[in-house]
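Sequential numbering of the sequence shown, starting at 370, is according to the numbering used here. Okay, so here's the structure we're looking at.
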Amino acid sequence: MRERLAIIGAGHVGLVYAACLAELGHDVSVYDIDPERVASLRRGAVPFFEEGLADLVKKNLKAKRLTFSTEPGAALKGATMAFICVPTPSATDGGLDEAPMRRALQTIRQHARGGRPIVVTKSTVSVGMNRYIKELFRDRKVPVVSNPEFLREGSAIHDFFHPHRIVLGSDDKAAMAAVAKLYETIDGPVFTTDPITAELSKLAANAFLALKVSFANSIARVASSSGGDVAATLKILGTDPRIGPGHLRAGLGFGGACLPKDLAAMEHLARRSATPYELFSAVAAVNQDQRQHVMDILQGKLVSLSGRRIAVLGLAFKADTDDVRESPSLALIAELLAAGANVVAHDPVVKLRALGKDAPAAVQRRSALEAANAADAVVIATEWTEYGRLDLPRLRKRMKGDLLVDARGMLDPIVSRKAGFDYVGIGS
Ligand code: UGA
Numbered sequence: 370m371r372e373r374l375a376i377i378g379a380g381h382v383g384l385v386y387a388a389c390l391a392e393l394g395h396d397v398s399v400y401d402i403d404p405e406r407v408a409s410l411r412r413g414a415v416p417f418f419e420e421g422l423a424d425l426v427k428k429n430l431k432a433k434r435l436t437f438s439t440e441p442g443a444a445l446k447g448a449t450m451a452f453i454c455v456p457t458p459s460a461t462d463g464g465l466d467e468a469p470m471r472r473a474l475q476t477i478r479q480h481a482r483g484g485r486p487i488v489v490t491k492s493t494v495s496v497g498m499n500r501y502i503k504e505l506f507r508d509r510k511v512p513v514v515s516n517p518e519f520l521r522e523g524s525a526i527h528d529f530f531h532p533h534r535i536v537l538g539s540d541d542k543a544a545m546a547a548v549a550k551l552y553e554t555i556d557g558p559v560f561t562t563d564p565i566t567a568e569l570s571k572l573a574a575n576a577f578l579a580l581k582v583s584f585a586n587s588i589a590r591v592a593s594s595s596g597g598d599v600a601a602t603l604k605i606l607g608t609d610p611r612i613g614p615g616h617l618r619a620g621l622g623f624g625g626a627c628l629p630k631d632l633a634a635m636e637h638l639a640r641r642s643a644t645p646y647e648l649f650s651a652v653a654a655v656n657q658d659q660r661q662h663v664m665d666i667l668q669g670k671l672v673s674l675s676g677r678r679i680a681v682l683g684l685a686f687k688a689d690t691d692d693v694r695e696s697p698s699l700a701l702i703a704e705l706l707a708a709g710a711n712v713v714a715h716d717p718v719v720k721l722r723a724l725g726k727d728a729p730a731a732v733q734r735r736s737a738l739e740a741a742n743a744a745d746a747v748v749i750a751t752e753w754t755e756y757g758r759l760d761l762p763r764l765r766k767r768m769k770g771d772l773l774v775d776a777r778g779m780l781d782p783i784v785s786r787k788a789g790f791d792y793v794g795i796g797s
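Here is the structure:
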């Protein structure tokens, strides 16, 4: 059945859900507080890079299944469900800052009538949020369903249509069935459960992915200092189906808007429930240390970083996105600058000048080769495919020094050394 749906928040999650739900044939109306964002979305311009999203937005705008508004009343009018897709960044105590969530809830409350719309939480929330919302809407008799998202940036559209699981948590079975119906044409296991379990399943998934990355980084450090082949060790480890190969790439550590904050939220929740939290703090500490490890390699090889020219390849927190939130690369650049180095950066998609006041005091060049001009060292900080295909002899010729720190395990150590590099790899 064709539903009239409202999406609150036109960010990475909201826009992907809006475009994909419209693609499934529903009438989707998106509300966002940012007038510039809404104006450009109405023209079909997506404000960030996500494979396939701009085409899907344009197609569904044209088909009039997708509309954008800064007027909550317009977006919520007649909506049977309202999906909350606002950011929930880290709060100072490690929990989630739910101020945007609470504002979204007040907005929906003002337009809720006769038990509608069903409030659906997509944003990652603190455990207990569903029950809080239920109380907040008790007088409006509005049901609440937790439906956490598991989309990865860079492959979000694919993940929507081919999910590993669809999780729905609610005290209201009919509301849960109504939300499940939206996904009936999508092939993926559906889990219906209580709200707390649904909320926890999201935090636990991201905390576990973070743990796998930190585990891979710890094993990589042990393997390389004991003379083992890091990549082979991790590959062999991942062949065990009880472990699995995903998120076992060693590197500069995990970043992004989700893993670091959800890991912190998991630790916060464990502390609050007086249960063991040390595992989560250890995962975060290993992640932090991974950047320090790259700094130690550079300092060890170059002795002093002051006045040194370091080319940093990659700014995004991972490949195939222009997102720099909690980017390990930007954290490394900040440390290099603090140590007195001159940083020349490259990224195929991210533009430093677009970061405004948050941009580090680094220079950006249009190609990796240009960034390496006269550099004392090159660091591969993001796993963009093009860095795995670098013309190594040409890169070496451009540089003043010969140090190549492959912090994402992209290159073959033997080939790199043959090209004249003092090669240090993490994960390779
Ligand atoms: C993550 C989860 O993977 C999604 O399932 C979830 O829906 C999403 O958060 C969210 O909560 O919204 P995402 O933030 O897009 O997705 O990033 P990941 O692909 O998980 O990568 C996170 C970080 O780990 C990146 O910095 C990446 O470079 C790093 N990573 C990943 C590694 O260092 N090694 C790996 O093997 C994998």
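A virtual CB, placed ideally from N, CA and C, is assigned to each residue, including glycine. No experiment lies behind these values; they were computed from the predicted model shown.
Any heavy atom of the ligand UGA closer than 8 Å to the Cβ of residue i?
i      : result
Lys581 : yes
Thr493 : yes
His616 : yes
Asn575 : yes
Glu752 : yes
Val718 : no
Cys627 : yes
Lys571 : yes
Val382 : yes
Pro697 : yes
Glu420 : no
Ala619 : yes
Ala585 : yes
Gly676 : no
Arg521 : yes
Glu518 : yes
Leu701 : no
Leu578 : yes
Asp631 : yes
His687 : Looking at the sequence provided, one finds Lys at residue 687 rather than His. Result yes, Cβ under 8 Å from the ligand UGA.
Thr690 : yes
Taking just the CA atoms, how far does residue j sit from residue i?
i      : j      : result
Pro697 : Asp508 : 46 Å
Lys687 : Glu752 : 6 Å
Gln657 : Gly622 : 7 Å
Ala423 : Arg412 : 11 Å
Asp771 : Phe790 : 5 Å
Tyr400 : Glu739 : 42 Å
Pro762 : Met768 : 10 Å
Leu425 : Ala579 : 31 Å
Phe356 : Glu704 : For the chain, the structure presents residues 370 to 797; residue 356 sits outside this window and is missing.
Ala387 : Val397 : 6 Å
Leu638 : Ala460 : 13 Å
Ala332 : Ser539 : This structure leaves residue 332 out entirely; the chain is present only between 370 and 797.
Glu522 : Val455 : 16 Å
Val693 : Met635 : 22 Å
Phe506 : Arg485 : 10 Å
Ile588 : Lys510 : 52 Å
Arg590 : Ile795 : 8 Å
Gly596 : Thr602 : 11 Å
Leu674 : Gly683 : 20 Å
Around the C-beta of residue i, are 16 or more other C-beta atoms found within 10 angstroms, so that it is buried, or is it exposed?
i      : result
Leu537 : buried
Ile377 : buried
Ile783 : exposed
His531 : exposed
Met545 : buried
Glu440 : exposed
Lys672 : One point to set straight first is that residue 672 is Val, not Lys, in the sequence displayed. Flag for Val672 reads exposed.
Lys720 : exposed
Thr482 : According to the sequence provided, residue 482 is Arg. The question's Thr does not apply to it. The residue is exposed, with fewer than 16 neighbouring Cβ atoms inside 10 Å.
Can you tell me where the alpha helix (DSSP H) with residue i in it begins and where it stops?
i      : result
Thr476 : Ala468 to His480
Arg640 : Leu628 to Arg641
Leu721 : No alpha helix (DSSP H) contains Leu721, which DSSP labels as neither H nor E.
Gly757 : Thr754 to Gly757
Leu617 : Counting along the chain, Leu617 falls outside any alpha helix (DSSP H), and DSSP gives it neither H nor E.
Thr566 : Pro564 to Ser594
His662 : Glu647 to Leu671
Leu390 : His381 to Glu392
Phe452 : That residue, Phe452, is in no alpha helix (DSSP H); its beta strand (DSSP E) goes Met450 to Ile453.
Taking the continuous beta strand (DSSP E) assigned at residue i, which residues delimit it?
i      : result
Ile535 : Ile535 to Gly538
Val793 : Asp791 to Gly794
Ser398 : Asp396 to Tyr400
Ile376 : Arg373 to Ile377
Phe437 : Leu435 to Ser438
His715 : Asn711 to His715
Ile555 : Taken as a continuous stretch (DSSP letters only), Ile555 belongs to no beta strand (DSSP E), as it is neither H nor E.
Could you tell me whether the segment 556-573 touches the segment 490-505, where touching means 3 or more Cβ pairs closer than 8 Å? Output reads yes: the segment 490-505 touches the segment 556-573.
When the Cβ atoms of the segment 647-655 are set against those of the segment 461-475, are three or more pairs found closer than 8 Å? no
Are the segment 672-690 and the segment 630-648 touching by the rule of at least three beta carbon pairs closer than 8 Å? no
Under 8 Å: do the segment 712-725 and the segment 618-637 share three or more Cβ pairs, one atom per stretch? no
Three Cβ pairs or more, each shorter than 8 Å: is that satisfied between the segment 714-728 and the segment 660-668? no
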